[in-house]
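Peer 1: Please find one structure pasted underneath; my questions will follow.
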Amino acid sequence: MKGFLQGAANRGPPRARESEGAGRMCPADYRYVPSVFDRPPDLLADVVYVVGGLYGNLAALDQVERLAAEESATVVLNGDAHWFDAETEWFAATEQRLARYRAIRGNVEAELVRTADIGAGCGCAYPASVAEDVVRRSNEILIDLRRAARALPGAAERMAALPMHLVAEVGGLRVGVVHGDATGLAGWSFAHDALDRPAAAALLNSVRRAARVDVFASTHTCLPMLRDFALRAGRLTVINNGAAGMPNFSGSRLGLLSRIAVTPSPHRPLYGIVRDGVHIDALPLAYDTDAFLARFLARWPPRSAAHAAYFQRLTAGPDHTVEQARSQGTVTRISP
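Here it is as structure tokens:
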């Protein structure tokens, strides 16, 4: 249930994290170093939509496709495209539509394709501040979702082939597309509150220097934010779309995607910045809430794990505001 978290960076060495329980541990195979992004781009495009946390919400995908068609945008899925669709027909419909897009894996996809139980649960790597019942429900949802995935031939093979990260080039800017952060699939250092801490400066500076990336686009924490930093190693912008398939703000029912493009958006963004001629925006997704909730409730009635974990957010949004998410201008961070 990422959407209600006050995100925090993964702390401690990998072995310490791996000794924790299901849903809290960060598996060793989730790890990478920021220098993996210092490579030729995997994708060149003028308009990129980064869509994370779709969660099987096909009504939200309808809206993504409508917006993308109007400006020939390249859609990149950055993980957790499945979640609520823990039912054979629903999962199959989601898979059929996902197959046409460039994608990386999230922790959901990573755990769906494991052939042996390593004790990772949902693979969320939840920090200690998250209540145990939240972790338990996420693990229960993953178990049900795995049953649906295993019933569909070819699904595991497709997800297993997905990379953990992607480098795009948009208008001369290098964009690292990740699920979590610059060091791990389920990393929390790109959460809004983690980035706002003064202590983040040293990490951001080392990441910018090693990755040689101008922009990171992430999703894992499910709470959106946009931050822009002036660092010793260079300027770094980080945008997290929250969730495409769930509401992102209190009192709102809008999903979000991250748009990175050389032209202004024909669709009004909720917030954004322009840097070096490239527009970096959060685009709202006004999906058909009634249609999605009907399908959700048919699969997840009251007292089910997903209903207990998510129904409040799906109908009223999380405890998060647009002001908390939007950039307050370029912040100078001088690391020691």
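Going by this note's numbering, the first residue of the sequence shown is number 8, and it counts up by one from there.
Here a beta-carbon is modelled for each residue, glycine too, at the ideal position from N, C-alpha and C.
Remember, predicted model here, so these are calculated numbers, not experimental data.
#1: Grouping DSSP H, G and I as helix and E and B as strand, with all else coil, what is residue 173?
#2: Where are the beta strand (DSSP E) runs, 3 residues long or more, that stay fully inside the stretch 173-211, in chain order?
#3: Confirm, please, whether the CB-CB distance from residue 86 to residue 229 is below 8 Å.
#4: Looking only at its own chain, which residues have a Cβ that is under 6 Å from the Cβ of residue 216, when we skip the five neighbours before and after it?
#5: From the DSSP output, read off the bridge partner residues of residue 236.
#6: Express the C-alpha separation of residue 313 and residue 237 in angstroms, rounding to a whole number.
#7: Considering only C-alpha positions, which residue in the set 176, 301, 193 is nearest to residue 115?
#8: For residue 264, I'd like the list of residues in its chain whose CB is within less than 7 Å of its CB, leaving aside the five on either flank, ordered along the chain.
#9: Please report the straight-line C-alpha distance between residue 160 and residue 91, rounded to a whole angstrom.
#10: Quick check on the burial criterion: 16 or more other C-beta atoms within 10 angstroms. Buried or exposed for residue 40?
#11: Report back the beta-carbon spacing between residue 324 and residue 257 to the nearest angstrom; my notes put them in contact at under 8 Å.
#12: Straight-line CA distance for residue 173 to residue 253?
#13: Under a three-way DSSP split, which group does residue 24 fall into?
#14: From the DSSP output, read off the bridge partner residues of residue 225.
#15: Taking the alpha-carbon positions, what's the residue 43 to residue 296 distance?
#16: Just confirm the distance between the C-beta atoms of residue 183 and residue 220, as a whole number of angstroms; I'd bet it's less than 8 Å.
#17: Suppose the cutoff is 7 Å on Cβ atoms and the five residues either side in sequence are ignored; what does the same chain contact list for residue 261 look like?
#18: Assuming residue 3 contacts residue 110 under a Cβ cut-off of 8 Å, what Cβ separation, rounded to an integer in Å, is found between them?
#19: Counting along the chain, where does the alpha helix (DSSP H) carrying residue 66 start and finish?
#20: Quick one: residues in its chain with C-beta nearer than 6 Å to the C-beta of residue 288, no 5 flanking neighbours on either side, listed in chain order?
#21: Grab me the residues of residue 332's own chain with a C-beta within less than 6 Å of its C-beta, minus the 5 sequence neighbours each way, in chain order.
Peer 2: The short version:
#1: strand
#2: With a minimum length of 3 residues, the continuous beta strand (DSSP E) runs that stay inside the stretch 173-211 are 180-185.
#3: no
#4: 240
#5: 243, 338
#6: 40 Å
#7: When each option's Cα is compared against that of residue 115, the closest is 193.
#8: 56, 57, 58, 71, 248, 251, 290, 292
#9: Pairing residue 160 with residue 91, the inter-Cα distance amounts to about 19 Å.
#10: exposed
#11: 5 Å
#12: 24 Å
#13: For residue 24, the predicted model reports a pLDDT of 38, less than 50, meaning its position is unreliable; a value from the coordinates is still stated below. If DSSP states are grouped into helix, strand and coil, residue 24 belongs with the helices.
#14: 247
#15: 39 Å
#16: By a beta-carbon distance limit of 8 Å, residue 183 contacts residue 220. Their separation comes to about 4 Å.
#17: 254, 255, 291, 292, 293
#18: Nothing about residue 3 can be reported from this structure: the residues present for the chain run from 8 to 343 only.
#19: 65-78
#20: 266, 272, 276, 279
#21: Taking residue 332 as the centre and dropping the five residues before and after it, the same chain places the C-beta of 231, 232 closer than 6 Å to its C-beta, in chain order.
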